[in-house]
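Residue numbers (this note's numbering): 59 to 142.
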């Protein structure tokens, strides 16, 4: 894991939690995820938050075609937005 201002962990197969430090962003944080590795069979990914403007994100990966949860290496980018 590279970077600072956040922690991450595997919650369960295919589910990851990323928590950013409070006040790290000037507005509401948004997150985008890119799976790493072979893209010919890239997994389906989803990013969610429990509440609007939360600093906690959940990232999910499923195998394409089967829907089976999959642990994957990934990159993410997070930025702050001014709206709610």
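All C-beta atoms, glycine included, are put in the ideal place defined by N, C-alpha and C.
**Asked** What first and last residue would you give for the beta strand (DSSP E) that runs through residue 138?
**Response** Start and end: 132-139.
**Request:** Have a look at 67, 62, 82 and flag the residue whose alpha-carbon is nearest the alpha-carbon of residue 116.
**Result:** The residue with the shortest Cα to Cα distance from residue 116 is 67.
**residue 92 versus 126, 137, 130, 139, residue with shortest Cα-Cα distance** = Comparing Cα positions, the closest option is 130.
**Prompt:** Do the CB positions of residue 87 and residue 128 come within less than 8 Å of each other?
**Reply:** By the CB criterion at 8 Å, residue 87 and residue 128 fall outside the cutoff.
**Request:** Please report how far the alpha carbon of residue 113 lies from the alpha carbon of residue 61, in whole angstroms.
**Result:** Straight-line Cα distance between these residues: approximately 16 Å.
**Message:** Using C-beta distances below 7 Å, list every residue in its chain close to residue 108, excluding the 5 sequence neighbours before and after it, in chain order.
**Reply:** Result list for residue 108: 114, in chain order.
**Item:** Cβ neighbours of residue 75 in the same chain (closer than 7 Å, five flanking residues each side left out)
**Value:** For residue 75, same chain residues with a beta-carbon under 7 Å away, outside a window of 5 residues either side, are 66, 67, 69, 114, 116 in chain order.
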